[in-house]
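So the protein lines, in turn, are chains Y and C. Letter by letter, the first sequence follows residues 5 to 318 of our numbering. Letter by letter, the second sequence follows residues 22 to 362 of our numbering. Just so you know, even glycine gets a beta-carbon here, dropped at the ideal spot from N, CA and C. Okay, so here's the structure we're looking at.
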Amino acid sequence: MQKTASKALSVITEDATSAWKALNGIICIYKPADVSCHRICNILTYKISNELNQMKCRPCGDYVQIEGDPLTQLTVVKKQNLADHPLVVGPRYNPNNLRCSWSNYLGFNTSGVLLMGLQNGTKTANLIRSNKLMRAYRVKGLLGRATDNFYKDGKVVERTTMGFIKSHHMDRLLSVIQSSHQRKMFDATGVDLQSQTAYDLAVKGQIRPVCSKTPLLYGIKCVDYQPPEFTVEIHCVNEYEMYLKALIHEIGLKLHSTAHCTGIQCIRHSYFNLDHALLQKHWTLQHIFDNLEECGNIISQHENMTNNNTIVIQ
Amino acid sequence: MLLQRFRVFLNLRQLSSIRSQELQHSQEGNSAFKEPSELDLVENETPQRSVLDECTDDISHVAPYLKPTFNFAAYVNKSHTLQELVKLNVDLSVLEKKPEVVSFILKLEFEKDVKDLVIFLSEIGVDDVGAFITKNPFILKADLDNLHVRVNYLKSKRFTNGMIASIVTRNPIWLSTNTQDIDSKLGFFQKEFQLTGKEVRALAVQQPKLITFPLQRVKLNTFVFKEEMGLRDDEVKSMLLKKPNLFMKSQANLLKTFEFLHKKMNIPIERIVEVPEVLMCRLFRIRQRHLFLDSLGRAQYNHRNPNYVSLLQLVSGSDVDFSVDVAKSSVQDFNLFLKSL
C-alpha cells in the first residue's frame with residue numbers, strides 16, 4: 005500500500021502541473037518559536053513555488069504570424085510565443101498564487117503543532133477553526149520573578165522568594181483552576197451540576213463555547229516540577245498566547261510568589277500531535293505531499309473535525 | 022505599489038506615442054512596428070479618386086497603436102531588441118519591476134546600444150551576460166570608454182584578467198561605479214584595516230560586493246567588532262580576510278549570535294576569532310545544535326579537554342552529519358529533540 009503511494013507521488017513530482025493540482029488539503033507543520041504565522045505562510049509558499057518552478061513546467065505556446073507582401077505572396081509562420089516565456093512573464097508559479105492559511109493561530113513566541121490549509125484546504129482549515137477543537141499546550145514557567153510582559157524576554161519587575169512552594173501546593177491550585185472552569189461551562193448551559201441533565205450533557209462529549217473569544221480550560225496539571233522551573237500541561241479551546249502567559253503569572257501570584265512564562269509549546273491539536281508535524285528542514289515538496297496524504301486520512305477518519313455536533317453553549 | 026504600477030503604465034503610454042512619432046519621421050524602423058502614419062495617409066489620398074473605387078495600394082502597415090501595457094510581454098513578439106535580450110538570457114520579468122528601467126530598456130536599439138557592450142563584457146570574461154544585465158541594467162547607459170577606463174584601472178592595480186572576470190561577474194555593480202569611488206573605497210579598506218596591496222586584492226576577489234557596499238554599514242560593523250565585542254585591530258583584520266561577508270551582515274544579528282556564543286556557550290573571544298564562520302551561521306541553527314549537545318552532555322568546546330567539539334563542525338554539514346559524527350547520536354533523536362523546543 006505504502007509502496008504504491010510513494011510511486012504515485014514520485015510520478016506526480018516530475019511534472020509541475022500535476023503537482024500543483026495535487027497541492028490541496030491540510031498539512032501539519034512544526035512552528036518554531038519566535039516566528040510569526042504570517043512569516044511561515046510566506047516561507048511555505050515561497051519554497052513550494054520555487055520547487056515547482058524547477059520541475060518540468062508548461063512550455064511556451066505558439067505565436068502565429070503572417071509574413072510577406074500582401075500584394076504578392078503571404079506566408080503563415082508559427083513561432084515560439086515569447087510573450088509566454090518564463091524570462092518575460094516571470095516564473096510559472098508565483099508564491100502569491102498559492103493560497104495558504106492556518107487553522108489554529110499560534111502567537112509569535114509559541115512553538116508546536118500548526119495546521120495549515122493549502123489551496124482548497126484553506127476551507128477545511130476554516131471549518132476546523134470554527135469547530136473549536138481542543139488543543140493541548142505545554143507551558144513552561146519560572147518561579148520567583150515577574151516580568152512586565154509575563155514572558156522571559158520582558159523586564160523583570162519583581163523578585164520574590166519561592167523556596168516554600170512545594171509540588172502539592174501547585175497541584176492543589178491547578179485542580180482548583182480546572183474545577184472552576186468546569187463549573188463555568190455548566191453554569192453557562194444553565195443546568196444544575198448535580199442533575200441527570202448535566203450528566204447527559206457531559207456524556208455527549210466536550211461542551212464548547214459558541215463565541216471564539218472566551219478561553220476555556222478543560223484540564224490543567226503540572227507535569228514537571230523542579231523548582232524554580234515548572235511545566236504545566238493545559239487542554240483548552242479559544243486560548244491565545246497572552247492568556248497562557250497571564251495564566252502562569254496568575255499561578256505565581258496565587259502561590260504567594262511570582263512567576264513568568266519561559267516557553268509555550270502546542271503539543272496536540274485535536275487528532276494531530278508532534279509525530280505528524282513537519283520540522284522546518286522538511287518543508288519540501290516531497291515531505292509536504294506525504295504529509296498532505298497523512299493529514300487527509302486523519303480528517304476523513306474523524307468526521308467531527310469538520311462537522312462537530314457536540315453541545316455548544318452561548 | 023499601485024502608484025508605482027500606474028507610473029509604469031504612464032511611462033509605457035508615453036513611450037508608445039514616442040515610438041509612433043519616430044516611425045512617422047523615419048520610414049525605415051523595425052518592420053514589425055507598423056504604426057499608421059497620418060502624414061502618409063494624407064499624402065496618399067488623391068482627391069480625384071472616389072472612395073467607392075477598388076483600393077490597390079498596400080495598406081498592410083495600417084495597424085492600431087500598441088496599447089498601453091503593464092509589462093514587456095505585450096511588446097516582446099514585435100521588438101527585435103527585446104527578443105535579442107531574451108536570447109541573451111536577460112530576465113525581463115525582473116527588470117519590469119523597476120519602473121525607471123522599463124522605459125529605458127524599451128527605447129534601446131540592439132545593434133546600436135547593446136551589441137558593443139555584450140562584446141565588451143564577454144571579452145573581459147563575463148560568462149553569463151544575461152544575468153549581468155538583469156542585475157545591473159543601467160550598464161547599458163554607461164559609456165564604453167568609461168568601462169574600458171575602469172577595467173584598465175584594475176589592471177593598473179595589478180589585478181590579473183582572471184581576477185577582473187571574477188570580480189565583475191560576481192558584482193555587476195562594480196563596473197557602474199566610477200574609478201575615483203572604487204579607488205577611495207579600496208583606499209578606505211587598506212587604511213582602516215592596515216592591509217597590504219596583496220591583501221586588498223585578495224579581499225576584492227574574495228568578496229567584490231563588500232567594496233561597493235555602503236561604507237556606513239561597514240563602519241557600523243567595524244564598530245560592533247571593536248567596541249561592542251571588544252576585538253583588537255589585528256583580530257578584526259584577520260576576520261575581514263577570512264570572512265568578509267561578516268561586514269555585510271546586519272549588526273543586530275551579528276551581536277545576537279556573538280552574545281549567544283560568548284555568554285551562553287562560554288566560548289572565549291580568541292576561539293571565535295579563529296573560526297569566524299560561526300558568526301555567519303544563523304542563530305537558530307547554533308542554538309538547536311548547542312542545546313542538543315547540551316542535553317547529551319557533549320557541549321564541550323574547549324580544545325584542551327577530551328570529547329572536544331570543534332566550532333567549525335558545529336556549524337557546518339547537514340543535520341545527518343552533525344547528529345551522527347559530532348553528537349554521536351542519530352538523526353531521529355535529533356529530530357525528536359527539535360520537536361521539544
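Requested in this report: Output, in sequence order along the chain, the residues in the segment 298-310 of chain C whose CB is closer than 8 angstroms to any CB in chain Y.
Outcome: 305
Requested in this report: Measure the Cβ-Cβ separation of residue 276 of chain Y and residue 32 of chain Y and say whether it is below 8 angstroms.
Outcome: The answer is yes: Cβ separation under 8 angstroms.
Report task. Name, please, each residue of chain Y whose Cβ falls closer than 8 angstroms to the Cβ of residue 104 of chain C. Result -> 86
Query raised in the report: Can you name the residues of chain Y whose CB is closer than 7 angstroms to the CB of residue 113 of chain C?
Result: 91, 92
Query raised in the report: Roughly how many angstroms lie between the CA atoms of residue 96 of chain Y and residue 119 of chain C, to the nearest whole one?
Result: 20 angstroms
Report task. Tell me whether residue 191 of chain C sits in a helix, a strand or coil according to DSSP, three-state version. Result -> In the three-state DSSP reduction, residue 191 of chain C falls in the helix class (H, G or I).
**Report entry** Distance CB(residue 28 of chain Y)-CB(residue 122 of chain Y) smaller than 8 angstroms
**Finding:** yes
Report task. Using DSSP bridges, identify the partner residues of residue 277 of chain Y. Result -> Y:272
Query raised in the report: the segment 280-300 of chain Y: which residues have C-beta closer than 9 angstroms to a C-beta of chain C, in chain order?
Result: 281, 283, 284, 285, 286
**Report entry** Status (buried if at least 16 other CB within 10 Å, exposed otherwise) for residue 35 of chain Y
**Finding:** buried
Query raised in the report: Residues of chain C with CB under 7 angstroms from residue 278 of chain Y, in chain order?
Result: 360
**Report entry** Within chain Y, the residues that residue 81 of chain C reaches when beta carbons sit closer than 7 angstroms
**Finding:** In chain order, 74 make up the part of chain Y whose C-beta sits under 7 angstroms from the C-beta of residue 81 of chain C.
Requested in this report: Say whether chain C places a C-beta atom closer than 8 angstroms to the C-beta of residue 36 of chain Y.
Outcome: yes
Report task. May I ask whether a heavy atom of the ligand GTP can be found less than 7 angstroms away from the beta carbon of residue 37 of chain Y? Result -> The ligand GTP is not among the ligands present in this structure, which contains no ligands whatsoever.
Query - residue 237 of chain C - partner residues in DSSP beta bridges - result: In the DSSP output, where bridge partners are listed per residue, residue 237 of chain C has none listed.
Requested in this report: Tell me where the alpha helix (DSSP H) around residue 187 of chain Y begins and ends.
Outcome: Residues 171-193.
**Report entry** Cβ-Cβ separation, residue 253 of chain Y to residue 190 of chain Y (assumed contact under 8 angstroms), whole Å
**Finding:** The pair is not a contact, with the Cβ atoms about 27 angstroms apart (cut-off 8 angstroms).
Requested in this report: Tell me whether residue 215 of chain C is buried or exposed, calling it buried when 16 or more other Cβ atoms sit within 10 Å of its Cβ.
Outcome: Around the Cβ of residue 215 of chain C, a 10 Å sphere holds fewer than 16 other Cβ atoms; the residue is exposed.
Report task. Using three-state DSSP, classify residue 88 of chain C as helix, strand or coil. Result -> Three-state result, residue 88 of chain C: coil.
Query raised in the report: Along the chain, where does the alpha helix (DSSP H) that runs through residue 331 of chain Y open and close?
Result: Any answer about residue 331 of chain Y is impossible in this case: the structure gives chain Y only from 5 up to 318.
Requested in this report: Could you tell me whether the Cβ of residue 345 of chain C comes closer than 8 angstroms to any Cβ of chain Y?
Outcome: no
**Report entry** Residue-level contact to chain C via CB, residue 155 of chain Y, 8 angstroms cutoff
**Finding:** no
Query raised in the report: Checking contacts by CB at 8 angstroms: is residue 93 of chain C closer than that to chain Y?
Result: yes
Query raised in the report: Taking 8 angstroms as the CB-CB limit, is residue 304 of chain Y close to chain C?
Result: no
Query raised in the report: Is the segment 218-238 of chain Y touching the segment 136-153 of chain Y, taking contact as three or more C-beta pairs under 8 angstroms?
Result: yes
Query raised in the report: Quick one: does residue 296 of chain C have its CB under 8 angstroms from some CB of chain Y?
Result: Taking Cβ atoms only, chain Y never reaches closer than 8 angstroms to residue 296 of chain C, which makes this a no.
Requested in this report: Using a cut-off of 9 angstroms between C-beta atoms, extract the partners of residue 141 of chain Y located in chain C.
Outcome: Residues of chain C passing the Cβ test: none, with the nearest at roughly 14 angstroms.
Query - Where residue 3 of chain Y meets chain C, residues with beta-carbon distance less than 8 angstroms - result: Summary: the structure shown does not reach residue 3 of chain Y, with chain Y confined to residues 5 through 318, and so no result is reported for it.
Requested in this report: Indicate the three-state DSSP secondary structure (helix, strand or coil) for residue 206 of chain C in the structure shown.
Outcome: Under the three-state reduction of DSSP, residue 206 of chain C is assigned to helix.
Query raised in the report: Which value, in whole angstroms, describes the spacing of the CA atoms of residue 196 of chain Y and residue 313 of chain C?
Result: For residue 196 of chain Y and residue 313 of chain C, the distance between alpha carbons rounds to 51 angstroms.
Query raised in the report: Using the beta-carbon of each residue, which ones in chain C are nearer than 7 angstroms to residue 115 of chain Y?
Result: 362
Query raised in the report: Going along the chain, which residues of the segment 59-70 of chain Y sit with their C-beta nearer than 7 angstroms to a C-beta in chain C?
Result: 67
Query raised in the report: When burial is assigned at 16 or more other CB atoms within 10 Å of the CB, is residue 301 of chain C buried or exposed?
Result: exposed
Query raised in the report: chain B beta carbons: is any one of them nearer than 8 angstroms to that of residue 97 of chain C?
Result: You won't find chain B in this structure, because its protein chains are Y and C.
Query raised in the report: If you run the structure through DSSP and keep just helix, strand and coil, what is residue 69 of chain Y?
Result: Reduced to three states, the DSSP call for residue 69 of chain Y is strand.
Query raised in the report: residue 301 of chain C lies in the alpha helix (DSSP H); which residues open and close that run?
Result: 298-301
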